[in-house]
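Chain order of the listed sequences is A, B, C and D.
Here the first sequence is numbered in this note's numbering, starting from 432 and rising by one per residue.
Here the second sequence is numbered in this note's numbering, starting from 432 and rising by one per residue.
Here the third sequence is numbered in this note's numbering, starting from 432 and rising by one per residue.
Here the fourth sequence is numbered in this note's numbering, starting from 432 and rising by one per residue.
Where is the CB? At the ideal position from N, CA and C, for every residue including glycine.
What follows is a single structure, written as structure tokens, with notes after it.
Number of protein chains: 4
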Amino acid sequence: MWFASDNTSPAAPEVMAAVLRANQGHAASYGADAAMARVTERLREVFEAPDAAVYLVPTGTAANALALACLCPPWATIYCHRTAHVEEDECGAPEFYTGGAKLTLVDGSHGRIAAEALEAALGFTARAGVHNVQRGALSLTNATEAGTVYTPADVARLSGLARRHGLPVHMDGARFANALAFLGCTPAELTWRAGVDVLSFGGTKNGCMGVEAVILFDPARAWEFELRRKRGGHLFSKHRYLSAQMEGYLGDDLWRTLAGEANARARQLSQGLAALPGARLMHPTEANAVFAAWPRAGHRAARAAGAQYFLWPGHQSLEGAPDDLLSARLVCNWSTTEADVDAFLQTLHTGAPVAVR
Amino acid sequence: MWFASDNTSPAAPEVMAAVLRANQGHAASYGADAAMARVTERLREVFEAPDAAVYLVPTGTAANALALACLCPPWATIYCHRTAHVEEDECGAPEFYTGGAKLTLVDGSHGRIAAEALEAALGFTARAGVHNVQRGALSLTNATEAGTVYTPADVARLSGLARRHGLPVHMDGARFANALAFLGCTPAELTWRAGVDVLSFGGTKNGCMGVEAVILFDPARAWEFELRRKRGGHLFSKHRYLSAQMEGYLGDDLWRTLAGEANARARQLSQGLAALPGARLMHPTEANAVFAAWPRAGHRAARAAGAQYFLWPGHQSLEGAPDDLLSARLVCNWSTTEADVDAFLQTLHTGAPVAVR
Amino acid sequence: MWFASDNTSPAAPEVMAAVLRANQGHAASYGADAAMARVTERLREVFEAPDAAVYLVPTGTAANALALACLCPPWATIYCHRTAHVEEDECGAPEFYTGGAKLTLVDGSHGRIAAEALEAALGFTARAGVHNVQRGALSLTNATEAGTVYTPADVARLSGLARRHGLPVHMDGARFANALAFLGCTPAELTWRAGVDVLSFGGTKNGCMGVEAVILFDPARAWEFELRRKRGGHLFSKHRYLSAQMEGYLGDDLWRTLAGEANARARQLSQGLAALPGARLMHPTEANAVFAAWPRAGHRAARAAGAQYFLWPGHQSLEGAPDDLLSARLVCNWSTTEADVDAFLQTLHTGAPVAVR
Amino acid sequence: MWFASDNTSPAAPEVMAAVLRANQGHAASYGADAAMARVTERLREVFEAPDAAVYLVPTGTAANALALACLCPPWATIYCHRTAHVEEDECGAPEFYTGGAKLTLVDGSHGRIAAEALEAALGFTARAGVHNVQRGALSLTNATEAGTVYTPADVARLSGLARRHGLPVHMDGARFANALAFLGCTPAELTWRAGVDVLSFGGTKNGCMGVEAVILFDPARAWEFELRRKRGGHLFSKHRYLSAQMEGYLGDDLWRTLAGEANARARQLSQGLAALPGARLMHPTEANAVFAAWPRAGHRAARAAGAQYFLWPGHQSLEGAPDDLLSARLVCNWSTTEADVDAFLQTLHTGAPVAVR
């Protein structure tokens, strides 16, 4: 019962098979491997973006920070949600890679930036003159850190606000596949057609060992990206092992299939929790994470049964809730089984540990 | 006939097997996996350094830059050989990670810093006052970029000079295994016992997919290293795949065995080249790379036969050499076979392409 | 009627006289001038801090950013008020000089950090692990950007909270003299005795041309400060002209006298505004700035009379105020006269421009 | 007998008078003062560059580092002479302001970059790919650190080499006036007409208290410069005191007059030294500094007489010179008198201290 994070999951068999296949004889290094050319071609097709520049890096933090450094000068600020990964979970990587840019935290319910809040932040007059940092870039996380999703219309609206101030738009898509699986739209609709300039396209959390693609829909800053990647220590010499993971991940739309499975398990979990006496959902369950609060007794039973998940801030803000409630984040992944979820729910319902795995 | 770089080689079967074994079920992320604890323990044993802090990163550039950033403040300079990887092949990663430190280039034949040159550089009086950057750290590459090796005595002598100015010492050991295989000494003798504070311990070039260990013999700056690693985007969420590579690499002294094989192939190649009419060795062949010059006809035959290697500066400085000579770098790796080397040498000797692989 | 900023004021005659006296013959450069030794001695006496290290820089931004860079590593955050100069008016200088640290914005009424808000910010659990930036330093502005003042007890309380988390404390004292003039305490009581580690001691706004002292009560990082100052381009070769300004400023307690005069003018202005029909004070007037709102007609008259000041956010938040109110900031300085203030008030009262100067 | 540096000199009376005149009543801050508009206009006339952007900063280090940061990205290198101020005397300010660019040291006799050496450095093939830092900018110092001068033809030749690689050109003109006074050409001929993009135009060493102009002949990066200046803490609030210095300095061509006087004293000194038995000039004396070697006895006498100057590396390389020679740098400035020089020379000739001043 591992619900702590999707990054505790193993890699998918198809991805590992691709890595093993790549381990034959010698191969050109630093991204000149043949597999990388195929990955680029495939991602351009998937995104209907024949001119896009595509690069692989090993972590989501690297993908985000490198992308943002290409979009935002040191003397500017990045608008992001208060709970964005770039703010809360990267130890200042965006500040480091940009050379000291700021992050401006924007509010909005359920992990989504509210348009009015963004408008107010962009309108802050002190950004106009030489005395404060300038407006730099907008960064959207999709799926969000609250397990919700921006629709193409949401993205277009926020991007439009950014565009009015001349700002480029980055999308942190560590869970992009989960967002897409929920929405059923095309990758293009959710990105460049909605105003996104650069996408961090996640693989690690959804079936890979460690690989993320950065897709620059406008390739004008591609060479700058390459230099920043190298300078950041993220250009792999034996690049074929990144390419192979991504190739395996893209093959037969595996990425969409895996994300769909993770989302389905989250829905199952969410529905089960909603039916639990005294429990409340904190956010709508759209992608692969469930945020819910339930009585302490249930938590005790779950812990006793070996369930792994993080308590998460939130229950404090529930109106009219009994003191007994504790909120938690539960993340499903491609390898989570129906039985895992059932066992977890049964534990909560019966208050008794259920042995699994 | 792949002699372009050891990073064109595949991963060793034992390493891949360890990775596959690691791909079972869920595992704790960000370095909290059980395998990482075993790797730390094993490296402490190998280096007879029970207090050392050990971290894994995916590339040699990350290992070097992060290590140096912990040793050298932004307003100081790193003394390194003019041809060091940190100077020539990392697109300024040390400057980036340190926040703008300098590199002071020190000369010395065969890729080794000359003690007198280091002494002169350290003695440069402008380093004393507030007007210039201060003395920061010494970085030694072992094995060197010229395929040669510093002995423990060499390291101790240079470290001693650094120590007199209060400088810490970093060793870029991307090919540390090859140096050790040549010397036959213990890892401790070549590092902390000879005055090395931090070692970048390479795995990638010698049989892994992409993993390097950074070993801080003095753990005082371990937490700083962790923060810098995270901030640089080099903390893997699915860390188990780094741990597994390193565990496979360390098991049964595989790392030493593989390096010994690569070195043996380089010796074979070196001896064959020495016997080639008109050829000259540019540097002693001690580790797994051969630097030699030979007549153009041989190069043409080699290229026609599909041999891969880089022409390398050097022949210009050969005294009394005919204009016809061109120098090259040839790197062997753990998977290079005796037959590969024989075929290559035969091509040079006969001037005719020999079909291999 | 110049109320736009205290930095529109001229330098005091005593300061200019000192500069002229300094302009005799040759003098040692880079801070080795005899006057600098006297300045250090005098500031140590004034602050009862015989071991303090003292440095001069030309701007408040340089003083703050250099001080903070010595206190806060790149991977940490500086706690400051939401309206602090380091956040709003330095174009990211703290981020630049620290190498990419964050600023965490803390709320509190009337420009003063609220203890509970600081406690909550310091307690934010995400600061504990490797994934987010660490707790770095506390920066207090005294007098604040709202024209109010922290008492020694206020400073001690906030410093105490910081100290519990091991954080050092910086005070932005661009208007330190104004705070002291209001409080009547000793410089030591308002700084190191209340837990302040480093003070930016302003001269520019209060009668100098351009000089600020940075006082490190603990001299442990003095050499680091010197290197950072030089590296930032803030070490003056003809340093005597900085020393002379500061010496003139400190002589006969000129700095306290001038600040007392500026504060007195602000009180006069504040009392006059409080008596204006329909006007409201936004903040208590403690130092040399008045924040008030009054009807548009008065603003029109003031503008017509040539009064210079900035409209300032704030009236929006006044409860039950008529739409007609507009808030403004009015800053007095050492050279503001009673007649200036009277003329301004008369203009507002009569609604008719009054010719002055 | 102050020959240690031109920065030990006082400010010229005309400059101080201008500063005093500026100290009347209130004035707009942050560069919006009327005097700055006049300074910009005047420098555009002087340089025949009606579109140039002009900014003032207080130190030469700030001028150089800010200018270079606008020309050279973090992943590139600045080509400069081995003895350039940006390399030897700024504690890494260019590295700091650029965000970690390198400096590539180019040789050449008498402080001037040799064209062949620059060509070789620019041709270094490792600068082409992603693995090393890229070619960034050329920085020329005129007058040089060896007291010599680049002619317009020299500048054009070196700029042309840079231009072939697409590199912009910076000129460190801390002693630009001295170069111009020697050459007798126009400011335009020595700068933009010869391929210079940005000039650091020195005032401090030649009669000001502390002010340098940065002239961007192409104003495209003017706004970036303003943001970098503010972010570096170099935007003066009471900017009028910088403007006034520069206005006084430019008035009646004072800057050229003062430089001419300093150069004349250096010539006088140089000729006197050339006539001293056993003495040798190290470099041609073209600007206001003399580099010469003479017997120890003369140094002893000079020290005894209170003469101030720095011993300077150089005599070691004199062929056939007696061991007894010690080389030194002697810098004249606008306030050096004929009598000062005579007294110094007499001391050397007679071996006896001569009382002066």
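Can you grab the Cα-Cα spacing for the pair residue 570 of chain D / residue 602 of chain D, in whole Å?
-> 6 angstroms
Please work out which residues of its chain come closer than 6 angstroms, Cβ to Cβ, to residue 690 of chain D, disregarding the five sequence neighbours upstream and downstream, and give them in chain order.
-> The beta carbon of residue 690 of chain D lies closer than 6 angstroms to those of 608, 609, 612, 637 in the same chain, with the five residues before and after it left out.
Exposed unless 16 or more other CB atoms sit within 10 angstroms - verdict on residue 481 of chain C | Only exposed fits residue 481 of chain C, as fewer than 16 other CB atoms lie within 10 angstroms of its CB.
Mark residue 754 of chain B as exposed unless 16 or more other C-beta atoms lie within 10 angstroms of its C-beta, in which case mark it buried.
-> exposed
Please name the residues in the stretch 660 to 678 of chain A whose beta-carbon is closer than 9 angstroms to at least one beta-carbon of chain D, in chain order.
-> 660, 661, 662, 666
First through last residue of the alpha helix (DSSP H) which encompasses residue 661 of chain C | Start and end: 653 to 662.
Check residue 601 of chain A in the structure and name its three-state DSSP category.
-> strand
In DSSP terms, what residue 726 of chain D is bridged to = D:756
Answer with yes or no whether the minimum CB distance from residue 597 of chain C to chain E is below 7 angstroms.
-> The structure shown contains no chain E; its protein chains are A, B, C and D.
Flag this pair as touching only if the stretch 762 to 773 of chain A and the stretch 434 to 453 of chain A have three or more C-beta atom pairs under 8 angstroms; answer yes or no.
-> yes
For residue 485 of chain B, which residues in chain C fall below 9 angstroms Cβ to Cβ?
-> Near residue 485 of chain B there are no residues of chain C at all, since even the closest Cβ is about 15 angstroms away, more than 9 angstroms.
Quick one, which residues of the stretch 529 to 540 of chain A are near chain C if we go by CB-CB under 9 angstroms, in chain order?
-> 529, 530, 531, 532, 533, 534, 536
Pick from D:506, D:623, D:701: whose alpha carbon is nearest that of residue 772 of chain D?
-> D:701
Inside the stretch 484 to 540 of chain D only - alpha helix (DSSP H) runs reaching at least 4 residues | 491 to 502, 516 to 519, 524 to 529
Status (buried if at least 16 other CB within 10 Å, exposed otherwise) for residue 775 of chain A = Buried.
Under a Cβ-count criterion, where at least 16 other Cβ atoms within 10 Å of its own Cβ denotes burial, should residue 626 of chain A be classed as buried or exposed?
-> Counting Cβ neighbours within 10 Å, residue 626 of chain A comes out buried, since at least 16 surround it.
What is the rounded straight-line gap between the Cα of residue 521 of chain A and the Cα of residue 629 of chain A?
-> 19 angstroms
Return the CA-CA distance between residue 500 of chain C and residue 749 of chain C, expressed in angstroms with no decimal places.
-> 38 angstroms
Which same chain residues, not among the five before or five after residue 587 of chain C, have their C-beta less than 7 angstroms away from its C-beta?
-> Excluding residues within five positions, the ones whose Cβ falls inside 7 angstroms are 625, 626.
Please work out which residues of its chain come closer than 6 angstroms, Cβ to Cβ, to residue 574 of chain B, disregarding the five sequence neighbours upstream and downstream, and give them in chain order.
-> 580, 606, 609, 610, 718
Give, in chain order, every residue of the stretch 558 to 579 of chain B whose Cβ lies closer than 7 angstroms to some Cβ of chain D.
-> 561, 562, 563, 564
Answer with buried or exposed for residue 456 of chain C, where buried requires no fewer than 16 other C-beta atoms within 10 angstroms of its C-beta.
-> Exposed: under 16 other Cβ atoms inside 10 Å.
Between the stretch 446 to 456 of chain C and the stretch 651 to 660 of chain C, are three or more C-beta pairs nearer than 8 angstroms?
-> These segments do not touch.
Expressed to the nearest angstrom, what Euclidean distance is found between the alpha-carbon atoms of residue 778 of chain C and residue 720 of chain C?
-> 19 angstroms
Spell out whether any CB of chain A is found under 7 angstroms from the CB atom of residue 457 of chain B.
-> yes
Within chain B, the residues that residue 492 of chain A reaches when beta carbons sit closer than 7 angstroms | 664
Just confirm the distance between the C-beta atoms of residue 535 of chain D and residue 556 of chain D, as a whole number of angstroms; I'd bet it's less than 8 angstroms.
-> With a Cβ gap of about 14 angstroms, residue 535 of chain D and residue 556 of chain D do not count as contacting.
Which runs of the alpha helix (DSSP H) fall wholly inside the stretch 675 to 746 of chain D and span at least 4 residues, in chain order?
-> 685 to 705, 727 to 735
Does any C-beta atom of chain A lie closer than 7 angstroms to the C-beta of residue 765 of chain D?
-> Not flagged as an interface residue toward chain A: residue 765 of chain D, since no C-beta distance is shorter than 7 angstroms.
What does residue 526 of chain D touch in chain A if you count any residue whose Cβ is under 7 angstroms from its own?
-> Simply none; closest approach about 12 angstroms.
Any C-beta of chain B sitting closer than 7 angstroms to the C-beta of residue 379 of chain D?
-> Lying outside 432 to 788, the shown extent of chain D, residue 379 of chain D is not represented and no answer is given.
Which runs of the alpha helix (DSSP H), 4 residues or longer, sit entirely within the stretch 558 to 617 of chain A?
-> 583 to 595, 607 to 614
Three-state class that DSSP yields for residue 433 of chain B in the structure shown | strand
Thinking residue 641 of chain C and residue 667 of chain D are a contact (beta carbons under 8 angstroms), I'd like their distance in whole angstroms, please.
-> 5 angstroms
Does the beta carbon of residue 657 of chain B come closer than 7 angstroms to any beta carbon on chain C?
-> Residue 657 of chain B belongs to the set of residues whose beta carbon lies under 7 angstroms from a beta carbon in chain C.
Report yes if the C-beta of residue 637 of chain A is less than 6 angstroms from at least one heavy atom of the ligand ADP; otherwise report no.
-> Here there are no bound small molecules, and the ligand ADP is not part of this structure.
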